[in-house]
Every structure is written in C-alpha cells, then in structure tokens.
Amino acid sequence: ARAAAGRAAFPASHLDRHPHELSGGLAQRAATALALVGDAPLLLADEPTTGLDRDLVERTVDELRAHTRADGRALLMITHDLAAAERIADTVAVMYAGRIVEIAPAGAFFGSPGPRHPYARGLLDALPERAFTPVPGAPPELGALPPGCAFAARCAAADPLCRTRRPMLTEGVACHHA
Ligand code: SF4
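Here is the structure:
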C-alpha cells in the first residue's frame with residue numbers, strides 16, 4: 010500500500026487520514042493508489058486526472074499504464090482530458106449525446122489521418138495547442154434527441170439526410186459523410 014501510494018504521489022504523511030480530511034486532489038490520488046494495489050484484470054478509471062496539475066496528470070496516467078501493461082490488464086478510462094487520453098490510450102472512443110460516434114487507434118486519431126467525425130475533429134480543434142476554436146452551439150437534451158444525427162445542429166456539413174436519419178457506427182464512425 011505504501012509503494013502504491015508513492016507511485017500515485019499520495020504523501021506518506023497522510024496515510025492515516027480519514028477520507029473527509031483529504032482535499033479533492035488527494036482523494037483522487039488515493040483512488041489511483043487503490044487501483045494500483047489491486048490485481049483486477051480490468052480497471053475502470055472515471056476521470057482519474059480531475060483536479061490534478063499537469064505534472065501529476067502525466068504521472069498518474071503513466072502509472073496506470075505501467076500497472077495495466079505489466080500483467081496484461083485492461084484499462085477503460087473515461088475522461089474529458091484529451092492530453093491524458095493521448096498519453097495513455099491504445100484505442101480512443103468519442104461519445105456524443107450518449108453514443109459512440111467514432112472509435113479509432115489512438116495513433117491515427119491524434120496523429121494521421123486524424124479524427125473522421127466532425128465532432129471529434131472539433132474536440133481536437135478546440136485545444137489551445139491546435140486551432141483553439143470551440144465547437145459552436147451546445148449539446149442536445151438527452152431526453153429530446155432529434156430524429157437524425159444528434160450533432161446536426163452544430164455541424165457545418167449537415168444536410169437533409171443528417172436531419173432525418175440517425176447515422177449508425179460503421180467502420181469506426183457514425184456519420185453519413187465521413
Ligand atoms: S451525420 Fe451529418 S450532421 Fe452528423 S456529423 Fe455527419 S455530417 Fe455532421
């Protein structure tokens with residue numbers, strides 16, 4: 010446990026603290042340490058880098074990757090942090106309005122040829138180190154999704170087909186015009 014705490018940058022001086030005595034960032038690191046102690050074949054990490062500064066983000070994803078790689082474990086990480094995803098992922102799945110709209114090898118997604126779905130392209134274009142251009146508009150209400158593509162109201166490539174028929178995930182992308 011001490012070794013795992015160290016790998017997760019959790020301070021040894023805080024090992025006897027109660028959860029309510031920890032800040033959000035320290036609680037996050039404690040959760041990572043717990044994951045590193047276990048030997049589960051599959052780790053589910055839900056936003057494991059929230060509240061961490063960039064150095065700790067990189068350390069956390071590197072430790073999670075090393076832990077899963079060591080014994081052939083699998084890791085499913087849910088995140089809004091694209092830099093963390095690029096650092097750790099073998100495969101990237103992008104969700105929009107509750108559905109996977111693109112799934113691709115991380116190298117192809119973050120490198121060449123890049124994302125194929127307009128929303129996924131917009132996510133990368135919104136990064137400060139790229140075009141720094143936000144995706145226009147806002148996501149739809151999940152309880153009132155439009156009949157066609159859920160992204161149509163925000164998509165520059167939308168046409169009548171997009172607004173009437175929902176695109177299915179086909180060969181890794183859910184878009185009529187990818
Ligand atoms: S299906 Fe149409 S509206 Fe939806 S992402 Fe593709 S081009 Fe845009």
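Note that the working numbering has the sequence shown beginning at 10, numbered continuously upward. All C-beta atoms in this analysis are idealised placements derived from N, C-alpha and C, irrespective of residue type, glycine included. In this text, all values refer to a predicted model and were calculated from it rather than measured experimentally.
Environment of residue i [buried if 16+ CB atoms lie within 10 Å]
{"i": "Ile-87", "result": "exposed"}
{"i": "Arg-125", "result": "buried"}
{"i": "Thr-220", "result": "Limits of the chain in this structure are 10 at one end and 187 at the other, which puts residue 220 out of reach."}
{"i": "Glu-111", "result": "buried"}
{"i": "Ala-113", "result": "buried"}
{"i": "Arg-174", "result": "exposed"}
{"i": "Gly-131", "result": "buried"}
{"i": "Thr-2", "result": "The structure shown does not extend to residue 2, since the chain is modelled only from 10 to 187, so the question has no answer here."}
{"i": "Ala-21", "result": "exposed"}
{"i": "His-76", "result": "buried"}
{"i": "Phe-141", "result": "exposed"}
{"i": "Ala-183", "result": "buried"}
CA nearest to the CA of residue i, picked from the options
{"i": "Asp-64", "options": "Pro-124, Arg-108, Asp-99, Ala-93", "result": "Ala-93"}
{"i": "His-186", "options": "Arg-174, Glu-180, Ala-166, Thr-173", "result": "Ala-166"}
{"i": "Ala-79", "options": "Ser-121, Ser-32, Leu-45, Gly-34", "result": "Leu-45"}
{"i": "Thr-58", "options": "Ala-14, His-89, Gly-81, Pro-156", "result": "His-89"}
{"i": "Asp-48", "options": "Pro-143, Met-177, Leu-84, Gly-120", "result": "Leu-84"}
{"i": "Gly-81", "options": "Leu-52, Ala-13, Ala-39", "result": "Leu-52"}
{"i": "Pro-148", "options": "Gly-107, Asp-55, Met-177, Pro-169", "result": "Gly-107"}
{"i": "Gly-181", "options": "Gly-123, Pro-137, Ala-159", "result": "Gly-123"}
{"i": "Ala-135", "options": "Phe-118, Leu-73, Leu-91", "result": "Leu-91"}
{"i": "Arg-68", "options": "Phe-19, Gly-146, Val-103", "result": "Phe-19"}
Sheet register partners of residue i (DSSP bridge)
{"i": "Tyr-105", "result": "Arg-108"}
{"i": "Ile-9", "result": "This structure leaves residue 9 out entirely; the chain is present only between 10 and 187."}
{"i": "Pro-114", "result": "Thr-100"}
Heavy atom of ligand 1 within 7 Å of residue i beta-carbon
{"i": "Ala-115", "result": "no"}
{"i": "Pro-124", "result": "no"}
{"i": "Ala-166", "result": "yes"}
{"i": "Phe-160", "result": "yes"}
{"i": "Ala-106", "result": "no"}
{"i": "Ala-187", "result": "yes"}
{"i": "Pro-127", "result": "yes"}
{"i": "Pro-176", "result": "yes"}
Contact with chain D by residue i, beta-carbon distance below 8 Å
{"i": "Ala-94", "result": "As a matter of chain content, chain D is missing from the structure shown, which is built from one protein chain."}
Just to confirm the assignment: which complete alpha helix (DSSP H) runs, minimum length 4, are found wholly within the region 161-187?
169-173
Contained alpha helix (DSSP H) runs [length at least 4] in the region 115-142, N- to C-terminal order
115-119, 127-134
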